[in-house]
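Written below as structure tokens is the structure these notes are about.
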Amino acid sequence: DERVQIVAVCDADSQHAEAAAKLAGLTKGDVYRDFREVLARSDVDAIMNATPDHWHSNVAIAAAKAGKDLYSEKPLGASIVEGRAICRAVEENKRVLQCGTWRRSGLKVRMACERVRNGYIGELKEIEIGVPGKFAIRGGVTGLEATQPVPAHFDYAMWLGPAAEKPYTAARCHFNFRWIEEYAPGYITDWGAHFLDVAQWGAGMDETTPTEVSATEVKRRDAGIYDAAESFRIEYRYANGVRVVMLSTDDKTKWGTKFIGSEGWIYTEAEVLKASSDDILRVKLKDSDVKLYESKHHHRNFIDAVLSRGRTAATAEIAQRAATTCHIGAISAMLKRPLRFDPKAERFEGDEQANQMLLRPMREAWKIA
């Protein structure tokens, strides 16, 4: 996009930072290990927050307070409290935020959601979501490795940041952080943040969350640091009775979001759109039908909003609701019991142990609340 100039890159791993700088044509003076130095620059108008999940809230809140707009990867926060804190910071500082739930900018996804919202599959009864379960581990590691020396090019203390101090192994860091419960609950948020977001968009639930959740069939590895759920079935129920079932599966054809109504079904994932009848696919919306927010390119939509000061496709509030739905499922899986949730208060009903998990433990220097 010709409207954008990349002026700085930042990564706790200097090899990653230098590779990114080379792509952007930057000099060494524009390469950082500490994000706060980037936020202090007056020539930075907006940032992309593509940190591991446990860093999302610290970076996003600091960026908003520094007067920067931000494209922040999903899930919005690594916990429900962190996500709400991001929403407050964005609102109080009048910042633009686009969450990286990019399916909001997909034509086929929007078409599916509009057909659901306008009753073309009848009354919505249930939503089926399929996500991967088996960890897609990268880098030739297993999660069983012994402690290793920290490489000279890697600021491991900065990478840990708000998370507890732990012995270094290459298996813990970079892409594979998402298989470690302390940082992220595996595919429950990694892909759930996308598909539960689509589910809530199609169901007209962008401003709320389920009121009931139950995670069953949960399986985890017996050894090693990868302790997130690798197999699960999570059932949600909304106040209006709509049920959502998110299931881990190796069947790639089931990855995505399927809306089931009283008169048919429609399925979408990225650029795929299928339905129980061709008539549903051929529908031309009437002037009186609900038309959903249209974005043709997620990153460009963010830049448009930065320049116009308008809204984005995936605002902080929308992202918070989708992430919260992920998190209550992960908490049910950890506690091994069904839970009731109050979407307005963003707290569990009658379960203080669950409420203690609304905010992940954070080291004193990085606490947000």
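The sequence shown runs 81 to 449 under my numbering. Think of the CB as a built atom: it goes at the ideal place given N, C-alpha and C, for glycine as much as any other residue. Just so you know, these numbers come straight off a predicted model, no measurement behind them.
Cβ contact annotation for P132 (same chain, cutoff 7 Å, sequence separation greater than five): F257 and Y263, in chain order. A contact is defined here as three or more CB-CB pairs under 8 Å, and the stretch 86 to 105 meets this definition with respect to the stretch 228 to 235.
Sorting V111, T249, I86 and A403 by C-alpha distance to the C-alpha of F275 places A403 at the top. When S159, D125, I209 and A158 are compared, the shortest CA-CA separation from A144 is found for D125. DSSP places W239 in the uninterrupted alpha helix (DSSP H) bounded by Y236 to L240.
Between the alpha carbons of A303 and L224 lies a gap of roughly 7 Å.
In the structure shown, the three-state DSSP call for D93 is strand. Between the alpha carbons of H134 and R362 lies a distance of about 43 Å. Spanning the alpha carbons of S412 and H136 requires a straight line of approximately 22 Å.
Beta-carbon to beta-carbon, P265 and A309 are separated by about 7 Å, close enough to satisfy the 8 Å threshold. Distance check between P441 and each of S368, R121 and I160 places I160 closest, using alpha-carbon atoms only. By the criterion of at least three beta-carbon pairs nearer than 8 Å, the stretch 185 to 194 is in contact with the stretch 350 to 362. Pairing D114 with A88 gives a Cβ-Cβ distance that is not under 8 Å. Contact annotation: I127 and K148 have beta-carbon atoms nearer than 8 Å.
The Cβ atoms of L177 and A146 lie no closer than 8 Å to each other. A residue is called buried once 16 or more other Cβ atoms fall within 10 Å of its Cβ, and E432, having fewer, is exposed. The beta carbon of Y347 is closer than 8 Å to those of A192, G336, T337, K338, F339, L353, K354 and A355 in its chain, skipping five residues each way along the sequence. Within its own chain, the residues whose Cβ lies closer than 7 Å to the Cβ of I260, once the five positions on either side in sequence are excluded, are R252, I305, Y306, D307 and A308, listed in chain order.
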